Amino acid sequence: MPEPTIDAQGIRVSFSGVEVLKGIDLELLPGEVHAIVGENGAGKSTMAKVLAGVVHPTHGSVLLHGETVNFSTPADAIRAGIGLIHQEPLSFPDLTVAESLFVGFQPRKALGLDWAKMRSDARQILDSIGAKIDVDRTMDSLSVADRQLVDLASTLTHDASVLILDETTASLTPKETAELFVIVRRLRDQGKAIAFVSHHMEEIFEISDRITVLRDGQRIGTKLTKETNNADIVRMMVGRDVEISRQTTSIVRDRPAMVLNGFTPSGGQPVDLKLYPGEVLGIGGLVGAGRTELCEAIFGLSPSTGGLSLFGIPQKPFDSPGKAMKAGIGLVPEDRQHAGLMMAASLSDNATLAALREVVSGWWLRPSAEKTTTLEALAKLQTKFQTADQAVSELSGGNQQKVVLAKWMLTNPRVLILDEPTRGVDIGAKHQVHTLIRGLASEGLAILLISSDLPELLALSDRIAVMRERRIVAEFDGATATESDVIFAATGQEQKAA
């Protein structure tokens, strides 16, 4: 085994007196992709930030090429050859690609910046990783995937020997992820030491050479990827076996909960659909197929026309979320941080926001009622937090999602729309969300589920409707549908599925 590029020993980190890393040992080898996995709150991102000089450990040491290093700032780590690529691209929208690659480290000449060299070097770096991006374009004109590539390329401006990808694929499509992996493999083959943090087990087994599992701030173990499997890693992550299993509920078919008849979102196509009490109706399809647009139109977030009825009562398409909520519809949005939560506000403020009538008296908010209601709702979802007054931004992604779910459950909806409810959620929290969804259906709630996770869609759905080009093109029984059925329909190959 070669000498490690990075050797972290006994790393401990505490925030506000709470220890989040408890003596972590981690080696990153040259020419290796080393996956770091664990549930939300296990310490993955904190460990990545320690290596990149963003977080300072309270105990332990980090050796780079055999020499102990103590980074005062992330810039020190960058100069030493350690690059951290975050989940959300970190860039200045008005800067060009060339300027973003060298921000803070621009090449200079006697009378100022050397613009020609900056643009030339930028082209050379992007060419070296196979990224065909115009260096004169502004960052806000790029796709998320291209901004991620610029972030990755910026780490190479200092000939980085260590690259840390922290949930970098979370916002990427499967095609964009595959293109990123081509570049990651190329960098690995050049001898770079690469740490890869992800919740997606299929990505981990596709790209990594070794896997280290963290749980509750501790290192549980490290295994060669080729010598382990998904079940072993998940068991190490959560301390138990976790599987997505099909459960059936009693669906009431005498009167639909919701009927769409020629329902047409703005810019979309007419949709006919029936959803029954106690049913989970999955909506499959590719990105851009119109799934989110359909659900937002049902909820009144965007204009729509056509027929809509709830429990046999015709409704005029809703022109505001408030009217949809009064009619008994709830929506858990895809983007929890921007559309589902107020990140700087407390758990109590977020959880009770859609059900203020439950915690006010006249014109006055009752803080004790708000806190009690919040604690009860979050307890049902097994949410991990310190106090109800804690800012929701301090929670892990999975626990943030539980706050969103709690908020909508407090409105007592009769129809619940879930748009990618487990995106960015670890395997343990995902299992809890799945159990909650099936439990709600068993209580008679009608659930419309959008998910790009095919195993999840197949396991949870009683029926699956597939959208393509903003219309429903196929429908399958959830008990007998296969991934191939959904993929063929989503890509326009229904006849092959048949």
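For the sequence shown, the numbering used here gives the first residue as 1, with consecutive numbering after it.
All C-beta atoms, glycine included, are put in the ideal place defined by N, C-alpha and C.
Keep in mind the model is a prediction, meaning the values are calculated, not measured.
> According to the Cβ coordinates, are residue 60 and residue 12 closer than 7 Å?
Replying inline: In the sequence shown, the residue the question calls residue 60 occupies position 60. In the sequence shown, the residue the question calls residue 12 occupies position 12. Cβ atoms of residue 60 and residue 12: closer than 7 Å.
>> Considering only their Cβ atoms, is the gap separating residue 468 from residue 285 smaller than 7 Å?
In response: For this step, residue 285 is matched to residue 285 along the sequence shown. For this step, residue 468 is matched to residue 468 along the sequence shown. In contact: residue 285 and residue 468 (Cβ atoms closer than 7 Å).
>> Just verifying my parser: in three-state terms, what is the DSSP assignment at residue 70?
In response: Counting from 1 along the sequence shown, the entry for residue 70 is found at position 70. Of the three classes helix, strand and coil, the one that applies to residue 70 here is coil, per DSSP.
>> Report the CB separation of residue 406 from residue 204 in whole angstroms; it is logged as a contact under 8 Å.
In response: Your numbering for residue 406 matches position 406 in the sequence shown. Your numbering for residue 204 matches position 204 in the sequence shown. Incorrect: roughly 30 Å between the Cβ atoms, too far for contact.
> When the Cα atoms are used, what is the spatial distance from residue 416 to residue 449?
Replying inline: Indexing the sequence shown from 1 puts residue 416 at position 416. Indexing the sequence shown from 1 puts residue 449 at position 449. Cα-Cα distance, rounded: 8 Å.
> If you draw a straight line from the C-alpha of residue 491 to the C-alpha of residue 226, how long is it?
Replying inline: Here residue 491 refers to the residue found at position 491 when the sequence shown is read from its first residue. Here residue 226 refers to the residue found at position 226 when the sequence shown is read from its first residue. Distance between the alpha carbons of residue 491 and residue 226 is about 32 Å.
> Nearest-angstrom Cα distance between residue 19 and residue 453?
Replying inline: Indexing the sequence shown from 1 puts residue 19 at position 19. Indexing the sequence shown from 1 puts residue 453 at position 453. Their Cα atoms are separated by approximately 33 Å.
>> Between which two residues does the alpha helix (DSSP H) holding residue 321 run?
In response: Translated into positions along the sequence shown, residue 321 becomes position 321. From DSSP, the alpha helix (DSSP H) with residue 321 extends over 321 to 326.
>> Using 7 Å as the threshold, is the C-beta distance between residue 459 and residue 275 below it?
In response: One-based indexing of the sequence shown puts residue 459 at position 459. One-based indexing of the sequence shown puts residue 275 at position 275. For residue 459 and residue 275, no; Cβs fall outside 7 Å.
> Secondary structure at residue 337, three-state DSSP: helix, strand or coil?
Replying inline: Walking along the sequence shown from the start, residue 337 turns up at place 337. Helix at residue 337.
> How is the alpha helix (DSSP H) around residue 331 delimited, first residue to last?
Replying inline: As a working mapping, residue 331 is identified with position 331 in the sequence shown. Here residue 331 belongs to no alpha helix (DSSP H); instead the beta strand (DSSP E) covers 329 to 332.
>> Taking its Cβ as the centre, do 16 or more other Cβ atoms sit within 10 Å of residue 175, making it buried, or is it exposed?
In response: As a working note, residue 175 is residue 175 in the sequence shown. Exposed, since its Cβ has fewer than 16 Cβ neighbours within 10 Å.
> Would you report the Cα separation of residue 495 and residue 295, rounded to the nearest angstrom?
Replying inline: Locating residue 495 in the sequence shown gives position 495, counting from the first residue. Locating residue 295 in the sequence shown gives position 295, counting from the first residue. Because residue 495 sits at a pLDDT of 45, beneath the cut-off of 50, its placement in the model cannot be relied upon, and the following sentence gives the value as read from the coordinates. The alpha-carbon atoms of residue 495 and residue 295 are separated by roughly 28 Å.
> Sorted by chain position, which residues of the same chain lie with C-beta nearer than 6 Å to residue 262's C-beta, five sequence neighbours on each side aside?
Replying inline: Numbered from 1 along the sequence shown, position 262 holds the residue referred to as residue 262. Cβ neighbours of residue 262 beyond the five flanking positions: 270, 306 and 307.
> Which whole-angstrom value is the C-beta distance of residue 345 and residue 374, which I expect to be below 8 Å?
Replying inline: Locating residue 345 in the sequence shown gives position 345, where the first residue counts as 1. Locating residue 374 in the sequence shown gives position 374, where the first residue counts as 1. Contact doesn't hold; Cβ gap of about 12 Å is too wide.
> In angstroms, rounded to a whole number, what distance separates the CA positions of residue 229 and residue 194?
Replying inline: On the sequence shown, position 229 is the one that residue 229 refers to. On the sequence shown, position 194 is the one that residue 194 refers to. When rounded, the distance between both Cα atoms is 21 Å.
> Between the C-alpha atoms of residue 360 and residue 299, what's the straight-line distance to the nearest angstrom?
Replying inline: Taking the sequence shown and counting its residues from 1, the one referred to as residue 360 is at position 360. Taking the sequence shown and counting its residues from 1, the one referred to as residue 299 is at position 299. Roughly 25 Å between the two C-alpha positions.
> How about the region 113 to 133 and the region 59 to 76: do they share at least three Cβ pairs that are nearer than 8 Å?
Replying inline: no
> Where does residue 208 fall in DSSP's three states?
Replying inline: Counting from one through the sequence shown, the residue named residue 208 turns up at place 208. Residue 208 falls in the coil class under three-state DSSP.
> Going by other Cβ atoms of all chains shown within 10 Å of its Cβ, with 16 needed for buried, is residue 330 buried or exposed?
Replying inline: For the purposes of this step, residue 330 is identified with residue 330 of the sequence shown, where counting begins at 1. The residue in question, residue 330, is buried, as its Cβ has 16 or more Cβ neighbours within 10 Å.
> In chain order, what residues of the same chain have a beta carbon less than 6 Å from the beta carbon of residue 107, not counting five sequence neighbours either side?
Replying inline: Here the question's residue 107 lines up with position 107 in the sequence shown. Only 114, 117 and 118 meet the Cβ criterion.
>> By the three-class DSSP mapping on this structure, what secondary structure does residue 150 have?
In response: Counting from 1 along the sequence shown, the entry for residue 150 is found at position 150. Reduced to three states, the DSSP call for residue 150 is helix.
> Can you list, in chain order, the residues of its chain whose CB lies under 8 Å from that of residue 85, leaving out five sequence neighbours each side?
Replying inline: What you label residue 85 is simply residue 85 of the sequence shown in a count that begins at 1. Listed in chain order, the non-local C-beta contacts of residue 85 below 8 Å within the same chain comprise 148, 151, 152, 155, 163, 164, 165, 166 and 168, local neighbours out to five positions each way being set aside.
> Using a Cβ-Cβ distance under 7 Å, would residue 133 count as near chain C?
Replying inline: No chain C is part of this structure, which consists of one protein chain only.
> Cα-Cα, which of 388, 332 and 291 is closest to residue 413?
Replying inline: For the purposes of this step, residue 413 is identified with residue 413 of the sequence shown, where counting begins at 1. Selected option, being the one with the closest Cα: 332.
> Are the CB atoms of residue 97 and residue 133 nearer to each other than 7 Å?
Replying inline: The count along the sequence shown starts at 1 and reaches residue 97 at position 97. The count along the sequence shown starts at 1 and reaches residue 133 at position 133. Result yes, Cβ atoms of residue 97 and residue 133 sit closer than 7 Å.
> Quick one: what does DSSP say residue 123 is sitting in, helix, strand or coil?
Replying inline: Your numbering for residue 123 matches position 123 in the sequence shown. Looking at residue 123 - three-state DSSP - the assignment turns out to be helix.
> Where are the beta strand (DSSP E) runs, 3 residues long or more, that stay fully inside the region 275 to 312, in chain order?
Replying inline: 280 to 284 and 304 to 310
> Should residue 516 go down as buried or exposed, given a rule of 16 or more other Cβ atoms within 10 Å for buried?
Replying inline: Absent from the structure is residue 516, since the part of the chain shown begins at 1 and ends at 498.
> With distances taken between CB atoms, is the gap from residue 221 to residue 234 smaller than 7 Å?
Replying inline: Counted from its first residue, the sequence shown places residue 221 at position 221. Counted from its first residue, the sequence shown places residue 234 at position 234. Annotated as distal: residue 221 and residue 234, with beta-carbon spacing of 7 Å or more.
> Going by DSSP, which residues form a beta bridge with residue 35?
Replying inline: Position 35 of the sequence shown holds residue 35. DSSP, once it has assigned bridges, lists 196 and 211 as partnering residue 35.
> Taking the Cβ atom as the reference point for each residue, do residue 31 and residue 191 lie within a distance shorter than 7 Å?
Replying inline: To locate residue 31, count along the sequence shown from 1; it is residue 31. To locate residue 191, count along the sequence shown from 1; it is residue 191. One thing to note: residue 31 has its Cβ within 7 Å of the Cβ of residue 191.
>> According to DSSP, is residue 221 part of a helix, a strand, or is it coil?
In response: Indexing the sequence shown from 1 puts residue 221 at position 221. In the structure shown, residue 221 sits in a strand (DSSP, three-state: E or B).
> What three-state label does DSSP hand residue 425 in the structure shown?
Replying inline: Taking the sequence shown and counting its residues from 1, one reaches residue 425 at position 425. Correct three-state label for residue 425: coil.
>> Quick check: what's the CA-CA separation for residue 16 versus residue 57?
In response: On the sequence shown, residue 16 is found 16 positions in, with the first residue counted as 1. On the sequence shown, residue 57 is found 57 positions in, with the first residue counted as 1. Taking the straight line from one Cα to the other gives about 13 Å.
> Out of curiosity, what's the CA-to-CA distance linking residue 10 and residue 217?
Replying inline: By 1-based counting over the sequence shown, the position of residue 10 is 10. By 1-based counting over the sequence shown, the position of residue 217 is 217. C-alpha separation (whole angstroms): 12 Å.
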